[in-house]
Amino acid sequence: MNSNPTNTREPMRVWIGALAFLLPFLSLVTSFGVNLASFLFLVSALIFFKPCRDALVRHWPEVRWVVLAFLLHFLFMLACALLRGDKMNVVEKPVRTLLSVTVLAAVAASRAPRRALWWGASAGAVAALPFIAWQRFALHIERPGGFVNSITFGDLAMLLALLALAGAIDMRDRPRDALLAGAGALAGLAASVLSGTRGGWAALVLAALVLGRHLRRIDSRRGRALLAAGVAVLAAAWFTPALGVQERFAEGVHDARAWYEGGTVWTNVGTRLELWKGAAMLIREHPLLGMDFDACRARLAEFAQAGRLDPMVLELPHLHNDGLQALATGGVIGFAVWAATMLAPLRFFLRRLGRDGGDDARAPQFAVALGGALVVLGYIGFGLTEVIFWSMKGSLFYALMVFLLMGFCLNAKEKIG
128 MNSNPTNTRE PMRVWIGALA FLLPFLSLVT SFGVNLASFL FLVSALIFFK
178 PCRDALVRHW PEVRWVVLAF LLHFLFMLAC ALLRGDKMNV VEKPVRTLLS
228 VTVLAAVAAS RAPRRALWWG ASAGAVAALP FIAWQRFALH IERPGGFVNS
278 ITFGDLAMLL ALLALAGAID MRDRPRDALL AGAGALAGLA ASVLSGTRGG
328 WAALVLAALV LGRHLRRIDS RRGRALLAAG VAVLAAAWFT PALGVQERFA
378 EGVHDARAWY EGGTVWTNVG TRLELWKGAA MLIREHPLLG MDFDACRARL
428 AEFAQAGRLD PMVLELPHLH NDGLQALATG GVIGFAVWAA TMLAPLRFFL
478 RRLGRDGGDD ARAPQFAVAL GGALVVLGYI GFGLTEVIFW SMKGSLFYAL
528 MVFLLMGFCL NAKEKIG
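First residue of the sequence shown: 128, per this note's numbering; consecutive thereafter.
Rendered as structure tokens:
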């Protein structure tokens, strides 16, 4: 009997690598891809329970704060549901995002190749572009969104572009792989532009800060050429009237000015500003623990009836800002718990960016840590004008990708993949 651990691990390595590919690849071109990947990762971790448990225990000192942040978020939401008498379905998202830790365990245990993730993100972005272009130009949908709303589609397309960019940096010495990753980065950027979402551009500004900080470490001509090509795509989108990018930005500035000067809310930006005004009123009333969202909506209706808010705010499903949503529904405590699920992973990735290999972008952890930081910063940017965590798809994609990239970071530290 062959008891070589490398041979016995190989089927698991191939399988988990396939799942790492499928998660980003199916995220935009199917309605079920993210949920399917979540389920398959969970089942896989149960099947390979012992090696997954051992991997998590081995790396616990490095990952404990991130895992505990997601656990604390779940416990807080559960406590709020029990104390307020909410429907228990409000804990579904925090449960499923917490269970996404099985992705980290599976990747670390199987030592799956990180190239699978880069290929999946790149291929997913390339596949998303013709899909959204068909909706925009053939079906004449002004704000296409695939199987989700246009904002979520545009945001996730931007994330795939940023992940493909990290992949291109990592695979610079593999010309064919780097070419696919470069194509994915540009395709994801173009798909985000075609969706018409503006939130993705806010995330791009945050991403640019990190990329600019580490630009000198990207010593590859291909990598720098790809960054230049990305800037060229954005510039072309800005100056192409048919895409309406410049028009939407000018419209946003006009809408904001109209709201401040006359209280006009019958615009996308005006409605958001009126919602944020209502959110501030809610937060002042219950600053410590907030209220459940049904109670928030009822209170907003009372404000509207009293003439303190425009009734238009009642037509939108949420507060269009992740931080304000967390403060209104969870108070300062809930906000701190939610913010920890962003800040703990960001700290994990930025620490590895800062110390890995000095100035060498070829160091094993650099590209993976860069990809992880870009995912977290992307969600922070998206959340400025949208509740990206409102949908199960948006929440799960974040948790799965964070734990996936953490797993690959740990593997890269051991010079694996």
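C-beta: ideal position from N, C-alpha, C; glycine also.
This structure is a prediction, so every number in the text was calculated from the model and none was measured.
Pairwise C-alpha distance: residue j and residue i
i: Phe148; j: Ala453; result: 32 Å
i: Met128; j: Trp142; result: The pLDDT assigned to Met128 is 40, lower than 50, so where the model puts this residue is not dependable, and the model offers no usable value.
i: Leu155; j: Arg435; result: 40 Å
i: Ala467; j: Val161; result: 23 Å
i: Glu269; j: Ala248; result: 26 Å
i: Asn395; j: Leu441; result: 14 Å
i: Glu429; j: Ala494; result: 50 Å
i: Gly484; j: Pro240; result: Confidence at Gly484 is low in this model, with a pLDDT of 45, below 50, so its placement is unreliable and the value that follows should be read with caution. Distance between the alpha carbons of Gly484 and Pro240 is about 20 Å.
i: Cys207; j: His267; result: 44 Å
i: Cys536; j: Met439; result: 46 Å
i: Ile174; j: Thr229; result: 11 Å
i: Ser277; j: Val464; result: 28 Å
i: Leu333; j: Leu321; result: 21 Å
i: His445; j: Gly272; result: 19 Å
i: Asp486; j: Arg191; result: Any answer about Asp486 is weak, because its pLDDT of 47 lies below 50 and its placement is not dependable; what the coordinates show is given next. So the two alpha carbons sit approximately 28 Å from each other.
i: Pro257; j: Gly251; result: 11 Å
i: Ala539; j: Leu402; result: 44 Å
i: Ala431; j: Ala265; result: 41 Å
i: Lys220; j: Ser518; result: 9 Å
i: Ala317; j: Arg263; result: 12 Å
i: Leu415; j: Cys423; result: 14 Å
i: Gly311; j: Ala385; result: 39 Å
i: Arg301; j: Ser165; result: 30 Å
Contact belief for residue i with residue j at Cβ below 8 Å, rounded distance in angstroms
i: Ala330; j: Gly450; result: At roughly 15 Å, the Cβ-Cβ gap does not stay under 8 Å, so Ala330 and Gly450 are not in contact.
i: Ala284; j: Ser319; result: 4 Å
i: Ala233; j: Asp181; result: With 8 Å as the limit, Ala233 and Asp181 do not qualify as a contact, their Cβ atoms being about 12 Å apart.
i: Leu497; j: Ala293; result: 5 Å
i: Gly315; j: Ala295; result: The pair is not a contact, with the Cβ atoms about 12 Å apart (cut-off 8 Å).
i: Ala255; j: Leu287; result: 7 Å
i: Leu205; j: Val218; result: 5 Å
i: Gly144; j: Ala243; result: 4 Å
i: Gly499; j: Met533; result: 7 Å
i: Leu473; j: Val503; result: 4 Å
i: Val222; j: Phe201; result: 6 Å
i: Ser522; j: Thr224; result: 6 Å
i: Lys102; j: Val275; result: The first residue shown for the chain is 128 and the last is 544, placing residue 102 beyond what the model contains.
i: Ala526; j: Phe197; result: 7 Å
i: His341; j: Leu480; result: 7 Å
i: Arg325; j: Thr512; result: 7 Å
i: Leu146; j: Phe168; result: 6 Å
Assigned secondary structure, residue i (DSSP; H/G/I helix, E/B strand, else coil)
i: Ala494; result: helix
i: Phe168; result: helix
i: Trp517; result: coil
i: Phe476; result: helix
i: Ile268; result: coil
i: Ala239; result: coil
i: Gly484; result: Per-residue confidence for Gly484 stands at a pLDDT of 45, beneath the threshold of 50, marking its modelled position as unreliable; the derived number appears in the next sentence. DSSP places Gly484 in coil when its eight states are reduced to three.
i: Leu307; result: helix
i: Ala433; result: coil
i: Asp282; result: helix
i: Arg343; result: helix
i: Leu200; result: Reading the sequence as shown, one finds His at residue 200 and not Leu. It is helical.
i: Arg140; result: helix
i: Trp393; result: coil
i: Val253; result: helix
Minimum Cβ-Cβ distance from residue i to chain B less than 8 Å
i: Ser154; result: The chain labelled as chain B is not found in the depicted structure, where only one protein chain is given.
Of the listed residues the options, nearest to residue i (C-alpha basis)
i: Phe524; options: Gly458, Leu150, Pro414; result: Leu150
i: Met408; options: Gly397, Val337, Gly458; result: Gly458
i: Phe462; options: Asp304, His186, Ile410; result: Ile410
i: Leu443; options: Arg478, Val222, Gly397, Thr157; result: Gly397
i: Ala260; options: Gly323, His200, Leu289; result: Gly323
i: Thr456; options: Arg479, His413, Asp437, Ala471; result: His413
i: Gly505; options: Pro491, Val529, Met519; result: Val529
i: Trp245; options: Leu333, Arg303, Ser522, Met139; result: Arg303
i: Asp419; options: Met215, Ala172, Val190; result: Met215
i: Leu231; options: Met298, Val193, Leu415, Phe264; result: Val193
i: His447; options: Leu400, Gly481, Ala425, Pro491; result: Leu400
i: Leu501; options: Gly327, Cys179, Glu137, Gln432; result: Gly327
i: Leu183; options: Leu199, Phe152, Arg238; result: Arg238
i: Gly417; options: Leu167, Phe159, Ile460, Ala433; result: Ile460
i: Met139; options: Leu477, Phe516, Pro178, Ala335; result: Pro178
i: Glu189; options: Phe516, Phe475, Gly510; result: Phe475
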